[in-house]
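Protein chains in written order, with this note's numbering: chain R, 223 to 713; chain A, 4 to 371.
Worksheet: one structure, shown below.
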């Protein structure tokens, strides 16, 4: 591999587009591109250090992204050299960018002030490097510096970029990030049949998330439909249902038509969603939760108490939301950091072939062996991460299952309250429709987590039966507005 | 609640504004729904992140509450104010006395300017001032503002001026000496199906309506339902609210008495407390808390400038005007365009109201 520093010199806007999306791709694959002379090209313009100034002159707000020293050029692709330039095919993960060079302090301040849904520009490795942007003495046109149009791409190269695998990997990457299951991440990264979505469904089935062949079929068709719709724009829930109804691949699935009817009624607002009962496919339940709250940060607010969903259904709903948003649609606090997500981003970038870039592979499993700081996040770390981002539902559930009542805070929001004292006891009665909210005392909860074995928590979460409510508790729920009859949803 | 922008979802014209240097002054114009207010908040966020003292000024109390909730979610507490409450406080802090007034409600801007020029505000005490709904401020305000700010971002739409005491874009440019003006043209608020439906009612100037959002901003079509009686409409509202408990749901009603009626029928039955808003002139005012999801009951007259995840327009049969009149059509445009994701039109009772016959039914999902 060459050790000559290589740079991508682009308009700041295009760099932001890459960081937001989570992958550096050729301009032709970008939905928006601010013209800096490279628009529409099927390869990335990579230059050596002395060519930065000439490239920067074309950009309104130039930045020079330095490609990390661990990235080389694959055999057969054109070398760059310190004075050179070349079009390189393929994609690159943003974590392989070792520095973002800007011409002056003012430019650094401007970048640092900007934050977007998927990344905070202030967290980028910004370097003030005026010397890189000084105008070159020799006014050599870019065309003479081995930069040009399509001619630079070898004649036997594919005529157009096929990004289908890349976009499907982006969707799967979003899914596994949102599901936040390290073992699933590792399995995805080490499975490859050519279609990452097919692999994902197989892995979910092998892990027991999908019970039957019918669920596999349903989830496969659902993921394909989601991917198709999100490739064109925003997902439309009614269109998803319509596609499932008309799919020949789902014929004969027992109960599906009536389940779709029910989902459609709920999505239209014509019928209220009620807690799930034991029967029904997990994939269908997860789909409903996702379609009701399609954004990843919203779907994570569903909890077992309000949905009756088990942990796998909740995980599947998050997986669907992450799949629809793709990695690029995830908010900063859902992208995580570390070796695992770096491996996901490398895997994503490697979905665009042919790829002239080469980098060393490092799997999360290998990272686990190299030290605790590189290990996949434990349940405690996951829960702490969720609490840090304000997501309390799972922590509340764990505290309730484990009986850690001192970690729980109960709030009731209502227009009125009737408070009566009976001896030394106080009784507060709220009207029908009062809002009951459980919150977690994070400090107490995390302290409890430190003292307990994770296996005990996992066992309690997996092996538990639904806690039987006392007659008094059920009466309270009815008083709070739930119908006295069956409150379960047949989905 | 406000979210930071997804960079790749920003339009080129939004990029254009947000890319502007932090120390620059600019006027941003565009019709309603093009995202001027959200641009104002994002720019304030950037300024704050860069450590630059910033102030975001609004005109009306309700909008201030609405925007304040969004700003709070980005950690910009204390940065938002109405100019009626900010200016007297600022003047007194700077000069130890209240600002001169022409009458109880009108500042003597000429006298204020004189003071600013005689005893200038030190540069280190000046802030970047962002003015939303800038057309609502008088021209003389801008003459004074240029003397107390380090730089300005002014967002305005002169098509929305109501009185001659308010400012045109030329007034603002002349008073502030800001040469850079950017225009937002694309509908940022609504999904494409809702924007298409709302646009059918628009009768104003072409410059007063945003261009349709791209096809990629897909969504559910507006829904038209007929109910046997008001109770059925209420039941659908309740079912929706209990299912979509994370959404802000605007229930827009023609008349004040309906706000009270709906409030009484809904309260205590929803997952989130119901909120109602009546303008101050009616003598009784509630406060809308936009930081909380749930149903918000608002009269048609008070809905301007607001937006909700879902909007219900129930009891359409109660409307007593002529649905062919320009005034009503523009009203329908304003109401329909309050909905970001879902729009529900409903009527109850016997027969089909004349208003419903005037709807572009090919653009709705007819659930009757």
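For each residue, glycine too, the CB sits at the ideal point set by N, CA and C.
Any chain R beta carbon closer than 8 Å to residue i
{"i": "residue 10 of chain A", "result": "yes"}
{"i": "residue 239 of chain A", "result": "yes"}
{"i": "residue 247 of chain A", "result": "yes"}
{"i": "residue 275 of chain A", "result": "yes"}
{"i": "residue 223 of chain A", "result": "yes"}
{"i": "residue 243 of chain A", "result": "yes"}
{"i": "residue 215 of chain A", "result": "no"}
{"i": "residue 88 of chain A", "result": "no"}
8 Å Cβ cutoff, residue i in contact with chain A
{"i": "residue 324 of chain R", "result": "no"}
{"i": "residue 283 of chain R", "result": "yes"}
{"i": "residue 717 of chain R", "result": "Lying outside 223 to 713, the shown extent of chain R, residue 717 of chain R is not represented and no answer is given."}
{"i": "residue 254 of chain R", "result": "yes"}
{"i": "residue 700 of chain R", "result": "Low confidence applies to residue 700 of chain R: its pLDDT is 33, below 50, so where it sits in the model is not reliable enough to give any reading."}
{"i": "residue 316 of chain R", "result": "no"}
{"i": "residue 514 of chain R", "result": "yes"}
{"i": "residue 614 of chain R", "result": "no"}
{"i": "residue 637 of chain R", "result": "yes"}
{"i": "residue 550 of chain R", "result": "yes"}
{"i": "residue 458 of chain R", "result": "yes"}
{"i": "residue 559 of chain R", "result": "no"}
{"i": "residue 348 of chain R", "result": "no"}
{"i": "residue 526 of chain R", "result": "no"}
Status (buried if at least 16 other CB within 10 Å, exposed otherwise) for residue i
{"i": "residue 243 of chain R", "result": "buried"}
{"i": "residue 274 of chain A", "result": "buried"}
{"i": "residue 342 of chain A", "result": "buried"}
{"i": "residue 273 of chain R", "result": "buried"}
{"i": "residue 632 of chain R", "result": "exposed"}
{"i": "residue 351 of chain A", "result": "buried"}
{"i": "residue 236 of chain R", "result": "buried"}
{"i": "residue 239 of chain A", "result": "buried"}
{"i": "residue 504 of chain R", "result": "buried"}
{"i": "residue 591 of chain R", "result": "Confidence in residue 591 of chain R is poor, its pLDDT being 41 and thus under 50, which makes the residue's placement unreliable; the coordinate value appears in the next sentence. Exposed, because fewer than 16 other Cβ atoms sit within 10 Å of the Cβ of residue 591 of chain R."}
{"i": "residue 473 of chain R", "result": "exposed"}
{"i": "residue 673 of chain R", "result": "exposed"}
{"i": "residue 169 of chain A", "result": "buried"}
In DSSP terms, what residue i is bridged to
{"i": "residue 278 of chain A", "result": "A:299"}
{"i": "residue 288 of chain R", "result": "R:229 and R:321"}
{"i": "residue 229 of chain A", "result": "A:350"}
{"i": "residue 110 of chain A", "result": "A:104"}
{"i": "residue 644 of chain R", "result": "R:647"}
{"i": "residue 213 of chain R", "result": "Residue 213 of chain R cannot be examined here, being either before or after the span of chain R that is shown, 223 to 713."}
{"i": "residue 311 of chain A", "result": "A:342"}
{"i": "residue 420 of chain R", "result": "Residue 420 of chain R pairs with nothing; no bridge assigned."}
{"i": "residue 154 of chain A", "result": "A:131"}
{"i": "residue 326 of chain A", "result": "DSSP, once it has assigned bridges, lists no residue as partnering residue 326 of chain A."}
Residues of its chain near residue i, where Cβ-Cβ distance is below 8 Å and the 5 sequence neighbours each way are ignored
{"i": "residue 184 of chain R", "result": "The first residue shown for chain R is 223 and the last is 713, placing residue 184 of chain R beyond what the model contains."}
{"i": "residue 618 of chain R", "result": "525, 527, 630, 660, 661 and 662"}
{"i": "residue 149 of chain A", "result": "155, 178, 179 and 180"}
{"i": "residue 19 of chain A", "result": "185"}
Cut-off 6 Å between Cβ atoms - residues of its own chain near residue i, not counting five sequence neighbours on either side
{"i": "residue 86 of chain A", "result": "60"}
{"i": "residue 237 of chain A", "result": "268"}
{"i": "residue 143 of chain A", "result": "112"}
{"i": "residue 53 of chain A", "result": "25"}
{"i": "residue 651 of chain R", "result": "640"}
Residues near residue i in its chain [Cβ-Cβ closer than 7 Å; skip 5 each side]
{"i": "residue 104 of chain A", "result": "110 and 111"}
{"i": "residue 313 of chain R", "result": "245, 246, 247, 388, 571, 574 and 577"}
{"i": "residue 189 of chain A", "result": "14, 16, 37, 213, 214 and 216"}
CB of residue i within 8 Å of CB of residue j, strictly
{"i": "residue 321 of chain A", "j": "residue 225 of chain A", "result": "no"}
{"i": "residue 253 of chain A", "j": "residue 319 of chain A", "result": "no"}
{"i": "residue 270 of chain R", "j": "residue 294 of chain R", "result": "no"}
{"i": "residue 547 of chain R", "j": "residue 518 of chain R", "result": "yes"}
{"i": "residue 366 of chain A", "j": "residue 218 of chain A", "result": "no"}
{"i": "residue 340 of chain R", "j": "residue 558 of chain R", "result": "no"}
{"i": "residue 347 of chain A", "j": "residue 311 of chain A", "result": "no"}
{"i": "residue 275 of chain R", "j": "residue 258 of chain R", "result": "no"}
{"i": "residue 135 of chain A", "j": "residue 35 of chain A", "result": "no"}
{"i": "residue 131 of chain A", "j": "residue 97 of chain A", "result": "no"}
**Study point:** chain D contacts from the segment 311-342 of chain A (Cβ-Cβ distance under 7 Å)
**Key:** This model lacks chain D altogether; the protein chains it does include are R and A.
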